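Peer 1: Sharing a structure here in structure tokens format.
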Amino acid sequence: MSNKGKKVKVHYTGTLDDGTKFDSSVDRGEPIEFVCMAGQMIPGFDAAVEDMAVGEKKTVHIPAAEAYGERDDAMVQKVPVDQIPNADQLPVGQTVYMMGPGGQPFPVFVQSIEDGIVTFDMNHELAGKDLNFDIELVEVED
Numbered sequence: 001m002s003n004k005g006k007k008v009k010v011h012y013t014g015t016l017d018d019g020t021k022f023d024s025s026v027d028r029g030e031p032i033e034f035v036c037m038a039g040q041m042i043p044g045f046d047a048a049v050e051d052m053a054v055g056e057k058k059t060v061h062i063p064a065a066e067a068y069g070e071r072d073d074a075m076v077q078k079v080p081v082d083q084i085p086n087a088d089q090l091p092v093g094q095t096v097y098m099m100g101p102g103g104q105p106f107p108v109f110v111q112s113i114e115d116g117i118v119t120f121d122m123n124h125e126l127a128g129k130d131l132n133f134d135i136e137l138v139e140v141e142d
């Protein structure tokens with residue numbers, strides 16, 4: 001039976017191909033809740049949960065294209081330091097939040113500050129990476 005359009009709760013642990021854990025609802029002690037196939041999750045995760053039964057567990061491998069997409073070099077931007085307020089306080093090697101056109105904050109990675117130029121990477125931190133998930137369907141609401 002399909003879970004499409006239903007509110008589901010799942011526990012999951014996400015790892016990279018090298019075994020590095022990047023996220024886990026199990027570690028937080030709280031399952032994630034979302035409407036299945038409503039675009040709230042990455043496509044491969046949604047698809048994995050669509051036909052699961054309550055109590056079922058599965059392990060899935062999701063290629064980058066069905067996860068956070070491939071890395072896009074156009075998403076790496078170089079901005080002169082003099083155009084950024086408090087540029088000297090930007091933490092190189094960390095993520096900061098900037099305001100988008102609609103006033104919504106979005107994460108950007110501060111890649112470097114060299115020769116008066118700040119390089120920002122706006123790709124999702126998991127872009128270009130294949131992901132693995134251990135998933136357990138905990139609950140389905142009709």
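For what it's worth, full-length UniProt numbering labels the leading residue of the sequence shown as 1, then goes sequentially.
Glycine included, every Cβ here is placed at the ideal spot set by N, Cα and C.
Quick caveat: nothing in here was measured; it's all calculated off a predicted structure.
Would you tell me roughly how many angstroms separate the C-alpha atoms of residue 41 and residue 84, rounded to the nearest one?
Peer 2: For the purposes of this step, residue 41 is taken as the residue at position 41 of the sequence shown. For the purposes of this step, residue 84 is taken as the residue at position 84 of the sequence shown. Roughly 33 Å between the two C-alpha positions.
Peer 1: Go ahead and label residue 38 buried or exposed: buried means 16 or more other beta carbons lie within 10 angstroms of its beta carbon, across all protein chains shown.
Peer 2: Along the sequence shown, read from residue 1 onward, the residue named residue 38 stands at position 38. It counts as exposed.
Peer 1: Using the beta-carbon count (16 or more within 10 Å), is residue 137 buried or exposed?
Peer 2: Here residue 137 corresponds to residue number 137 of the sequence shown, with the count starting at 1. Label assigned to residue 137: buried.
Peer 1: Looking at the unbroken beta strand (DSSP E) that takes in residue 23, where does it start and where does it end?
Peer 2: If you number the sequence shown from 1, residue 23 lands on position 23. 21 to 24 is the span of the beta strand (DSSP E), which, as asked, contains residue 23.
Peer 1: For my contact list, residue 3 and residue 75 are in at a C-beta cut-off of 8 Å; report their separation, rounded to the angstrom.
Peer 2: The residue labelled residue 3 in the question sits at position 3 within the sequence shown. The residue labelled residue 75 in the question sits at position 75 within the sequence shown. Rounded, the Cβ-Cβ distance is 32 Å, inconsistent with contact.
Peer 1: Between the segment 53 to 62 and the segment 117 to 134, are three or more C-beta pairs nearer than 8 Å?
Peer 2: yes
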